[in-house]
Amino acid sequence: MIVAIDGPSGVGKSTVAKLIAARLGYAYLDSGALYRAVAWKALSTGTDPAASDAIRRLCATTTLKVSSTVGGGMVVEVDGQALQDELRTPEVSRAASQVAALPDVRARLLPVQQNFGRQAGVRGIVAEGRDMGTRVFPQAPVKFFLEAAPAERARRRHAEFVGAGQAADLAETQRELEVRDGRDRTRESAPLAAAPDAMIIDTSRLTIEEVVERMLRMIERKAAALR
Ligand code: DC
Numbered sequence: 702m703i704v705a706i707d708g709p710s711g712v713g714k715s716t717v718a719k720l721i722a723a724r725l726g727y728a729y730l731d732s733g734a735l736y737r738a739v740a741w742k743a744l745s746t747g748t749d750p751a752a753s754d755a756i757r758r759l760c761a762t763t764t765l766k767v768s769s770t771v772g773g774g775m776v777v778e779v780d781g782q783a784l785q786d787e788l789r790t791p792e793v794s795r796a797a798s799q800v801a802a803l804p805d806v807r808a809r810l811l812p813v814q815q816n817f818g819r820q821a822g823v824r825g826i827v828a829e830g831r832d833m834g835t836r837v838f839p840q841a842p843v844k845f846f847l848e849a850a851p852a853e854r855a856r857r858r859h860a861e862f863v864g865a866g867q868a869a870d871l872a873e874t875q876r877e878l879e880v881r882d883g884r885d886r887t888r889e890s891a892p893l894a895a896a897p898d899a900m901i902i903d904t905s906r907l908t909i910e911e912v913v914e915r916m917l918r919m920i921e922r923k924a925a926a927l928r
């Protein structure tokens, strides 16, 4: 079973994807972490994240490994080094959105994502990103596209920063989020978009539990129809 969840930044994808994966005993694929890993390597080697030739060379010489962790998380290893918090800085967020616009990067990461579910012991995956339902797993039997008003998404992202003890300004957070989203929605290569068969959920006025319950009901219906 593959559950594909797409949507813009700050809409709650990671939170609900992890909860659903835990409830169903499925592996969780955070595809954004892969783009962040390429961005991290670019920044740490002084490579311009928008320079397509240099980034293509960098991708060709980088080993990337993703694996599920016991607690329902996911780890990305870049050249054998496991990365977690390093991938969550504002600089990496910005650079990830730039490398994600490059077709060579998307082509390099496609098989890494598609092979993720083939790890031993995986019964199903919950895959979260921007093109899970449209490009990476078009055959997924259950697809969701989450939406929320930009101001609400900025408020949530800002609360996350503050919760993590990081200094952040709400207006600046919203501006950054809109720049990234604009780039993700308008790029030529696999832009952020809802698959035609995705169920669209506006999370602006829903609690996390309400979103998760609605999604679980849908997954159960689809799974029953497949049996
Ligand atoms: O979901 P995230 O914020 O960790 O994603 C980081 C960047 O990677 C974001 O700007 C969009 C891009 N991305 C993408 O283009 N395709 C995906 N499947 C996942 C993320």
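Throughout, my numbering is defined as the position within the sequence shown, counted from one, plus 701. Just so you know, even glycine gets a beta-carbon here, dropped at the ideal spot from N, CA and C.
- Shortest gap from the CB of D805 to any heavy atom of ligand 1: 7 Å or more.
- Less than 8 Å divides the Cβ of S710 from the Cβ of R881.
- Under the 10 Å beta carbon count, D786 is surrounded by fewer than 16 other beta carbons and is classified as exposed.
- Annotation: K742 to R928 spans about 43 Å, alpha carbon to alpha carbon.
- Here S769 carries a strand assignment [DSSP, helix/strand/coil].
- A contact is defined here as three or more CB-CB pairs under 8 Å, and the segment 857–867 meets this definition with respect to the segment 707–721.
- Under the 10 Å beta carbon count, P812 is surrounded by fewer than 16 other beta carbons and is classified as exposed.
- Where E879 is concerned, the enclosing alpha helix (DSSP H) starts and stops at L871 to T887.
- Here the alpha carbons of A926 and R795 stand approximately 41 Å from one another.
- In this structure, S732 has its beta carbon less than 7 Å from a heavy atom of ligand 1.
- The C-alpha of T716 is placed about 12 Å away from the C-alpha of G773.
- Non-local C-beta neighbours of A850 in its own chain, meaning closer than 6 Å and more than five positions away in sequence, comprise S905, ordered along the chain.
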